[in-house]
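Following: one structure in structure tokens, then a few remarks.
Residue numbers (the working numbering): 39 to 451.
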């Protein structure tokens, strides 16, 4: 509930923002992907081996993110073709999602479309085209989610959902465990920004020197947080209005929101537009990480973009299948109480991201890596918000402790 949201916002500022800037700095200073960035900035050192960590982390992230992107596309198709009809009750809406989860063939079809189209775009090098379209689609998405939030807050029992979401109840924190809530908030601060596996670094390599990196990162975090908060204003009032548990994870967007759409005027149109924009939003992330994977093979092995895209596409398709099978034919699979998707999510969020973030931190702030002075100069190049040297002790000594806490608590949990 709200106590988690409050802690998440704190850690987004004190934990996520500094690490994001470090990834941007490494990317912009080297003008390379993770395959060559560390070697470029600290030639002849062992830091270059981190490239394999970033490469593997991006793969593992996409192993469960890409199938979910396929679900978005599937729901766009379902709303557009009339699978969701006005007046459906919550059981019927849930049934559509359950049918999807029990059909590996259906999920594989949508996965294949995302993988093929994603690597096709990367093979063509259409960065500028995607950027232009993204701006239009994301502005439309922002406008749409504000409208949906207003509609959701007018539902019956919406007040109960808003109270859960916006009014902290530290009694619930005590029941769940303060350590678990803090660790979850820290992990979410990493995950929402995709830190620690070089997925942000690739954006840094495309940046020019006109603006300071802290200024750019603050804008990104602010927009990311705005979308997250408004999404909560859509989801949680709807949960309490339609009797959906707020801890269902991925099902929230595929069960709760369709319940909102089928019970509002013109819901089919709103639902179609929403999942169209969400498909594009998730696909933008897919493209960004796929670009990292393509750049890695081209930089490391000198492949053409086309060959690197084909190889990555084949590997990615088969690597995503366990996540899909985890909902049906491998539904009995269980490690530490987690299914396939939850296990992959746990490894990325609680292990790969914090360890990777620590690598960037040490590389940017110690004499054994790139060094704080080089990092400081790169951060403050351009116009905008500057990094103060007063923060050097925090970045060098306090921030590593916070990252270690994320790792240890996540691993123990």
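By construction, the Cβ of each residue, glycine as well, lies at the ideal position given by its N, Cα and C atoms.
Say whether the region 142-149 touches the region 357-367, bearing in mind that this needs 3 or more beta-carbon pairs closer than 8 Å, one atom from each stretch. yes
Judging by CA-CA distance, which residue of 379, 250, 267 and 160 is the nearest neighbour of residue 43? 267
Suppose contacts are defined by Cβ-Cβ distances below 9 Å. Is residue 201 in contact with residue 279 by that definition? no
Counting along the chain, where does the alpha helix (DSSP H) carrying residue 81 start and finish? Segment: none, residue 81 is in no alpha helix (DSSP H) and carries neither H nor E.
Is it buried or exposed for residue 273, if we count other Cβ within 10 angstroms and need 16 for buried? buried
Are the Cβ atoms of residue 430 and residue 406 separated by less than 9 Å? no
Compute the Euclidean distance between the alpha carbons of residue 26 and residue 353, then round it to the nearest angstrom. One cannot answer for residue 26 here, as it falls past the ends of the chain, which runs 39 to 451.
Could you have a look at residue 273 and say whether DSSP puts it in helix, strand or coil? helix
Residue range of the alpha helix (DSSP H) that includes residue 347: 343-363
Can you tell me whether DSSP reads residue 421 as helix, strand or coil? strand
So for residue 376, helix, strand or coil by DSSP? strand
Are the Cβ atoms of residue 327 and residue 111 separated by less than 9 Å? no
Rounded to whole angstroms, what is the Cα-Cα separation between residue 385 and residue 45? 22 Å
By alpha-carbon positions, which one of 39, 49 and 62 ends up nearest to residue 398? 62
Kindly identify the DSSP beta-bridge partner or partners of residue 66. The partner list for residue 66 (beta bridge, DSSP) is empty, contrary to what the question assumes.
Measuring CB to CB, does residue 313 end up less than 9 Å from residue 175? no
What residues are listed by DSSP as bridge partners for residue 249? 421
Look at the alpha carbon of residue 223 and the alpha carbon of residue 440, and state the distance between them as a whole number of angstroms. 12 Å
What whole-angstrom Cβ distance do residue 59 and residue 417 have, given they're in contact under 8 Å? 6 Å
Within 10 angstroms of the Cβ of residue 403, are there 16 or more other Cβ atoms? Answer buried if so, exposed if not. buried
Excluding the 5 residues preceding and the 5 following residue 186 in the sequence, name in chain order all residues of the same chain whose CB lies nearer than 6 Å to its CB. 272
C-beta contact flag for residue 276 and residue 199 at 9 Å: yes
Could you tell me the alpha carbon to alpha carbon distance between residue 211 and residue 394, rounded to whole angstroms? 29 Å
Please list the terminal residues of the continuous alpha helix (DSSP H) segment that includes residue 151. 142-162
Classify residue 180 as helix, strand or coil using the three-state DSSP reduction. helix
Report the residue ranges of all beta strand (DSSP E) runs contained in full by the region 196-267; include only those spanning at least 3 residues, in chain order. none
If you follow the alpha helix (DSSP H) that residue 306 is in, where does it begin and where does it stop? 305-339
On the CB-based measure, 16 or more other CB atoms within 10 Å of its CB, does residue 189 come out buried or exposed? buried
Quick test of the definition: if touching needs 3 or more C-beta pairs under 8 Å, does the region 215-234 touch the region 294-306? no
If you pair each beta-carbon of the region 49-57 with each one of the region 224-231, do three or more pairs fall below 8 Å? yes
Collapsed DSSP secondary structure at residue 191 in the structure displayed: coil
To the nearest angstrom, how far is the alpha carbon of residue 412 from that of residue 81? 14 Å
Please report the straight-line C-alpha distance between residue 347 and residue 323, rounded to a whole angstrom. 16 Å
With a threshold of 8 Å on Cβ separation, who are the neighbours of residue 254 within its own chain once the five nearest residues in sequence on each side are excluded? 62, 245 and 422
Using 9 Å as the threshold, is the C-beta distance between residue 150 and residue 240 below it? no
Quick one: grab the DSSP three-state call for residue 447. helix
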